[in-house]
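Notes to accompany the following structure.
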Amino acid sequence: MKKVGRYTSALALLLIGALILLDRTMETEYLHLAIGWWPVVLVAFGAELLAFKFHRREKRGRLNLDFGGMLLTVLVLWGLSFFAPASSSVSSSTTGYRIAGGISTVALSEQTDSLVIDNPAGNVVVKPGPVDKIQIDASLWAETPAASHDFKISSKEKDGKITVTTRGGLFGLSNKNKPFIHLLVTVPEQRKLDMQLKLKSGDVEARRLPIRKQLTVETSNGKVTVSDIAANVLVRTTDTQVQADHIQGDTEMHVSGGSIRLSEAGGKVSVVASNGPVMISGSSVGGDWNVDSKQGDITVEVPAQGDFRIDGSSPKGRVIAGLPMNVTANAATGTVGSGAHLIRLHAANGNIAINEKPGTGQGGGAGNSRAAGLFSKKAAKAA
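Start counting the sequence shown at 134; every next residue gets the next number (the numbering used here).
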């Protein structure tokens with residue numbers, strides 16, 4: 134007799150076992166990522182039930198459920214949610230025992246134009262310094278002094294790209310009580326490189342780096358701090374707090390489950406946020422701003438003078454403007470100067486606040502008065 138739920142249970146257990154073996158052999162964290170998609174199993178149970186009913190629509194008799202297999206699958210998923218938790222303990226401020234460490238260097242060739250740092254089990258701090266080689270100060274930290282010292286750092290260069298990779302530390306089924314690796318990387322302050330910082334769980338700090346074209350940051354379950362970058366910045370994170378200041382190039386952020394604070398962006402701004410507040414402020418607008426938030430509020434501070442236009446909408450929230458604009462309950466439009474740059478704000482399930490950046494007016498009420506005239510005139514034409 135065929136029981137509904139048996140196939141879904143078997144496939145779920147097979148997939149879990151495969152991910153465990155993959156994490157063990159490749160030192161990956163795919164099981165941790167998969168656990169976050171556990172509702173798919175419920176959908177699969179429902180789909181299997183509908184499939185059986187459709188197949189037996191002309192036959193009489195009741196369908197039997199495989200309660201044992203379904204219960205076993207649910208218990209396994211529930212147990213793994215404890216053994217594969219989010220790596221919130223990985224932080225630059227975490228206290229513990231430094232059980233190993235060392236400093237190594239990586240030479241740059243004349244063709245070197247980019248640097249990739251791949252540290253899946255810890256934090257990365259990158260800073261410029263008076264050095265002619267890349268200097269890596271690595272330390273292994275753990276909650277107990279008896280943790281394993283087994284970790285290594287390797288580097289290779291291909292087609293002008295240096296890739297620095299760490300192995301060891303935090304990996305496998307459970308992140309709890311396992312060591313993680315801190316990297317303090319010093320790069321030559323007179324040598325511009327494209328940089329890519331790849332982490333799975335950890336904090337990233339990058340300040341005043343000599344970037345050639347673009348700095349890319351990828352991490353989860355940590356904090357990203359980027360400041361004083363005279364190039365483009367791309368950030369992709371999950372469950373992460375992101376703070377970026379004084380970016381002279383274009384800024385692009387894709388953040389799923391975390392807050393964003395961006396100030397003084399000199400170029401274009403593109404932000405896609407899934408779940409968390411977004412705060413963007415600038416004393417000038419040097420490019421288009423495009424901000425989309427699925428679950429979270431958007432707050433922007435713009436100068437009283439400039440050449441930009443604002444188009445804000447919040448279908449299920451409220452739009453509040455501290456500047457004179459054409460404002461309805463869930464939308465706002467207005468233009469300053471020639472309106473050369475577009476500031477597009479869209480909050481699917483949140484509120485939007487549009488305010489004047491402090492200190493960008495003409496002093497007292499004069500700046501606000503002029504901004505009011507600019508906004509109202511353009512808004513009237515648009516209407």
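Beta carbons are placed, not taken as given, at the ideal position from N, Cα and C, and that holds for glycine.
- [ ] Would you check if the distance between the CB atom of G439 and the CB atom of V460 is smaller than 8 Å?
- [x] no
Open item on the list: How far does the alpha helix (DSSP H) with L183 in it extend, from its first residue to its last?
Closed with: 172–188
Task: Cβ pair L317, D251 closer than 8 Å - done: no
- [ ] Go ahead and pull the three-state DSSP assignment for M458.
- [x] coil
Open item on the list: Quick check: the Cα distance between R477 and F178, rounded to an integer number of angstroms?
Closed with: 41 Å
- [ ] Verify whether the separation of the beta carbon atoms of K136 and L198 is less than 8 Å.
- [x] yes
- [ ] Following the continuous beta strand (DSSP E) through K123, name the residue where it begins and the one where it ends.
- [x] Outside the displayed range of the chain (134 to 516) lies residue 123, so it cannot be described from this structure.
Task: Limits of the unbroken beta strand (DSSP E) element including E434 - done: In the DSSP assignment, E434 falls within the beta strand (DSSP E) that extends over 431–435.
Task: Alpha-carbon to alpha-carbon, F200 and L348 - done: 51 Å
Open item on the list: Under DSSP, the beta strand (DSSP E) around S396 begins and ends at which residues?
Closed with: 393–398
- [ ] From the DSSP output, read off the bridge partner residues of Q376.
- [x] T358, R394
TODO: Would you mind working out which of A167, G138, P263 sits nearest G150, comparing C-alpha positions?
DONE: A167
Task: Collapsed DSSP secondary structure at A151 in the structure displayed - done: helix
Task: CA nearest to the CA of Q268, picked from D336, V259, L182 - done: Measuring from the Cα of Q268, the nearest candidate turns out to be V259.
TODO: Quick one: using the 10 Å Cβ neighbour count with 16 as the cut-off for buried, is I236 buried or exposed?
DONE: exposed
TODO: Using alpha carbons as the reference points, say which of G138, D361, G391, Q381 lies closest to K186.
DONE: G138
- [ ] State the CB to CB distance for the pair K401 and G415, rounded to an integer number of angstroms; the pair is presumed to be in contact (CB under 8 Å).
- [x] Not a contact, Cβ separation roughly 12 Å.
Open item on the list: Quick check: what's the CA-CA separation for I344 versus R324?
Closed with: Using only the alpha carbons, I get a separation of about 8 Å.
TODO: State the beta-bridge partners of V207 as determined by DSSP.
DONE: V207 is not bridged to any residue.
Task: Under the three-state DSSP convention, the category R442 falls into - done: Residue state, collapsed to three classes: strand.
Open item on the list: Run through the DSSP bridge pairs and tell me what D327 is partnered with.
Closed with: S247
TODO: Would you kindly report the start and end of the unbroken beta strand (DSSP E) that includes R477?
DONE: 474–480
Open item on the list: Which of the three DSSP states is assigned to S288 in this structure?
Closed with: The DSSP-derived three-state label of S288 is strand.
Task: Other residues of its chain near R442: CB distance less than 8 Å, five sequence neighbours each side excluded - done: Within the same chain, R442 has close Cβ partners T466, G467, T468, V469, G472, H474, L475, I476, K511.
Open item on the list: Would L210 and S142 qualify as a contact pair, given that the criterion is a beta-carbon distance under 8 Å?
Closed with: Against a cut-off of 8 Å, the Cβ pair of S142 and L210 comes out as no contact.
Open item on the list: Rounded to the nearest angstrom, what separates L152 and P436 at their Cα positions?
Closed with: 51 Å
- [ ] Would you check if the distance between the CB atom of T373 and the CB atom of G399 is smaller than 8 Å?
- [x] Taking 8 Å as the cut-off, the Cβ atoms of T373 and G399 do not count as close.
- [ ] Can you grab the Cα-Cα spacing for the pair S447 / S353, in whole Å?
- [x] 28 Å
Task: Cutoff 8 Å: K401 Cβ touching any chain D Cβ - done: The structure shown has no chain D; it contains just one protein chain.
Open item on the list: Using only the alpha-carbon positions, how far apart do G305 and I286 sit?
Closed with: Caution applies to G305, whose pLDDT of 39 falls short of 50 and renders its modelled position unreliable; the value that the coordinates give is listed next. Cα to Cα, G305 sits roughly 19 Å from I286.
Open item on the list: Quick check on G420: does DSSP put it in helix, strand or coil?
Closed with: G420 carries a coil assignment under DSSP once its states are collapsed to helix, strand and coil.
Open item on the list: Residues in the same chain with beta-carbon distance under 6 Å from N116, minus the five sequence neighbours each way, listed in chain order, please.
Closed with: In the structure as shown, the chain starts at 134 and stops at 516, and residue 116 therefore has no counterpart that could be examined.
Task: Three-state secondary structure (DSSP) of G202 - done: helix
TODO: Would you kindly work out how many angstroms separate the C-alpha atoms of Q381 and R451, rounded to a whole number?
DONE: 32 Å
Open item on the list: Under DSSP, the beta strand (DSSP E) around T493 begins and ends at which residues?
Closed with: Note, T493: premise wrong, no beta strand (DSSP E); not H, not E.
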